[in-house]
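Residue numbers (our numbering), protein chains in the order written: chain A, 219 to 501; chain B, 183 to 445.
Below you'll find the structure, written out as structure tokens, and then a few comments.
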């Protein structure tokens, strides 16, 4: 029998579930416990909802959350919009698809830290863009508005996460039955109508998948805002790190973590639901 | 021509992807401590400096150890779980898969600091073993995805035939399942190794005094005079990983082209 009994299946599954339970579920539970306590010197105080009240009542944290979500939302939009034509080209027009896919993924095998740092070199005061623009006499003074702001964060993240947009969109485009496009052409649809009525709706699952794959982790990104964001580009993870490592208020850091995760989960779920509804309505 | 417009766009996009990656090797050969234009001449002294940097070599050794342990453990766990969900009809398999994939949707900083809390609560020290545990969270979902795809890619009847011909479970595994899974196993090992080797944030919280390479690099980013050496190392890592990826892809294609059963 190829399909063994289910008892054996559970035995095979048990080690992985055990490790994940130990390293994921238990720590997250502990995080929740911390978030429901006071900080009392270096130890935990009594049970309280004070941390959540502090997080939700503070205008500073509210604007921090809004900024993080706005930056990640913009990153998602820019990354997906830039990647779509690229994936479309590989799926429909490239002669050597495999070579293109390799060429598109090679940049992502460099150290993540060094890739982010490279943008600091490109956008910086003595950086690539400023030097080139000065040399070409496009500007008289180096621009200082390129680095240490939300714009730098968006550019850097759109670069760092590009593969996570290209690959899912490419897969969904590649799966489209080409005879559908021929049929639409035979029935008199032009290239644009064919794209809007067939290609785009059928590739939406890839677009939605890419958007979630990018939006969720970038809201929690630490390295990019820390290196290129400056004070105006600070995001949630930077503030959480400060609570844990510098301020030493672990309960507040725990509450910030859980509130931000809950918020991101709600936004992602709403996005997926509305995108599916829109895709259905378009059909 | 519409196609020519798309091709131009594709080339521009490729330039956007490669510009930051190429900046690193350029400055690793630049004869100045300052990472800024204009360039000031060619040198290989940063590469010579690498060999003398014992702290960096130690961190590199730590990352290799953590990466190897993470790759082996996450691929083994992924293999067991992938076999369970593809070959046994399990109630609750979807739920288990969802739970195992959960770390994909949790920011790394939360994974790192919640493990930090757990280690503190049970009184375990920060260590490379703790980093491996954290990296398993990040890597097992990847391993599982790759291995499930491979399990679904070959005919379960081959395993059934082996059992019918009298092989026991272990022999069927070694003579049928394992050879057929080998390309998937290799892909999973490579993916999880690279992911662990490059992971910064979880290691930053859990490594304690034994820095991994990304944690060490993070420390160096604050000292401008140390940067060219870091860039030289980055250029070497890039070259090695590109060579590895290309080899792996060639191997994978060979594995797909010649599906052979048996030892």
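Note that the Cβ used here is the ideal one computed from N, Cα and C, for glycine as well.
is_contact[residue i, chain B] using C-beta, thresh 8 Å
| i | result |
| --- | --- |
| residue 285 of chain A | no |
| residue 328 of chain A | yes |
| residue 453 of chain A | no |
| residue 339 of chain A | yes |
| residue 475 of chain A | yes |
| residue 499 of chain A | no |
| residue 256 of chain A | no |
| residue 227 of chain A | yes |
| residue 297 of chain A | no |
| residue 440 of chain A | yes |
| residue 233 of chain A | yes |
| residue 394 of chain A | no |
| residue 487 of chain A | no |
| residue 244 of chain A | yes |
| residue 346 of chain A | yes |
| residue 423 of chain A | no |
| residue 400 of chain A | no |
| residue 325 of chain A | yes |
Exposure of residue i, with buried meaning 16 or more beta-carbon neighbours within 10 Å
| i | result |
| --- | --- |
| residue 304 of chain A | buried |
| residue 376 of chain B | buried |
| residue 274 of chain A | exposed |
| residue 438 of chain A | buried |
| residue 397 of chain B | buried |
| residue 475 of chain A | buried |
| residue 274 of chain B | exposed |
| residue 355 of chain A | exposed |
| residue 359 of chain A | exposed |
| residue 356 of chain B | exposed |
| residue 432 of chain B | exposed |
| residue 321 of chain B | buried |
| residue 224 of chain B | exposed |
| residue 213 of chain B | exposed |
| residue 454 of chain A | buried |
| residue 407 of chain B | exposed |
| residue 456 of chain A | buried |
| residue 339 of chain B | exposed |
| residue 297 of chain A | buried |
| residue 381 of chain B | buried |
| residue 234 of chain A | buried |
Where the alpha helix (DSSP H) containing residue i begins and where it ends
| i | result |
| --- | --- |
| residue 456 of chain A | 454 to 460 |
| residue 316 of chain A | 315 to 323 |
| residue 349 of chain A | 346 to 353 |
| residue 269 of chain A | 268 to 275 |
| residue 234 of chain B | 227 to 234 |
The beta strand (DSSP E) enclosing residue i, as first and last residue numbers
| i | result |
| --- | --- |
| residue 311 of chain A | Where residue 311 of chain A is concerned, there is no enclosing beta strand (DSSP E), given that its DSSP letter is neither H nor E. |
| residue 352 of chain B | Taken as a continuous stretch (DSSP letters only), residue 352 of chain B belongs to no beta strand (DSSP E), being part of the alpha helix (DSSP H) at 351 to 354. |
| residue 327 of chain A | Run containing residue 327 of chain A: none; DSSP gives neither H nor E here. |
| residue 256 of chain A | 255 to 258 |
| residue 241 of chain A | Premise fails: residue 241 of chain A is in no beta strand (DSSP E) and is neither H nor E. |
| residue 264 of chain A | 261 to 265 |
Presumed contact (8 Å Cβ cut-off) between residue i and residue j, rounded CB distance
| i | j | result |
| --- | --- | --- |
| residue 473 of chain A | residue 269 of chain A | 4 Å |
| residue 434 of chain A | residue 334 of chain A | Not confirmed; about 19 Å, so no contact. |
| residue 346 of chain A | residue 203 of chain B | Not really, about 13 Å apart at Cβ, beyond 8 Å. |
| residue 379 of chain B | residue 249 of chain B | 4 Å |
| residue 416 of chain B | residue 281 of chain A | Wrong, their Cβ atoms sit about 36 Å apart, outside the cutoff. |
| residue 374 of chain A | residue 337 of chain A | 4 Å |
| residue 383 of chain A | residue 301 of chain A | 4 Å |
| residue 389 of chain B | residue 308 of chain B | 6 Å |
| residue 394 of chain A | residue 417 of chain A | 6 Å |
| residue 312 of chain B | residue 297 of chain B | 7 Å |
| residue 393 of chain B | residue 270 of chain B | Not really, about 42 Å apart at Cβ, beyond 8 Å. |
| residue 199 of chain B | residue 325 of chain A | 5 Å |
| residue 412 of chain A | residue 399 of chain A | 6 Å |
| residue 328 of chain B | residue 366 of chain B | 6 Å |
Residue-chain proximity (residue i, chain A), Cβ-Cβ < 8 Å
| i | result |
| --- | --- |
| residue 446 of chain B | Lying outside 183 to 445, the shown extent of chain B, residue 446 of chain B is not represented and no answer is given. |
| residue 358 of chain B | no |
| residue 191 of chain B | yes |
| residue 400 of chain B | yes |
| residue 530 of chain B | As displayed, chain B neither begins before 183 nor continues past 445, which places residue 530 of chain B out of reach and without an answer. |
| residue 406 of chain B | no |
| residue 281 of chain B | yes |
| residue 303 of chain B | yes |
Ranges of the beta strand (DSSP E) found wholly within the segment 370 to 452 of chain A, counting only runs of at least 3
none
Q) Which ranges would you report for the alpha helix (DSSP H) in the segment 328 to 398 of chain B if only whole runs of at least 4 residues count? A) 338 to 346, 351 to 354, 360 to 380, 383 to 388
- Query: What residue ranges within the segment 268 to 334 of chain B form continuous alpha helix (DSSP H) runs of no fewer than 4 residues, ordered along the chain?
  - Reply: 275 to 283, 290 to 304, 310 to 334
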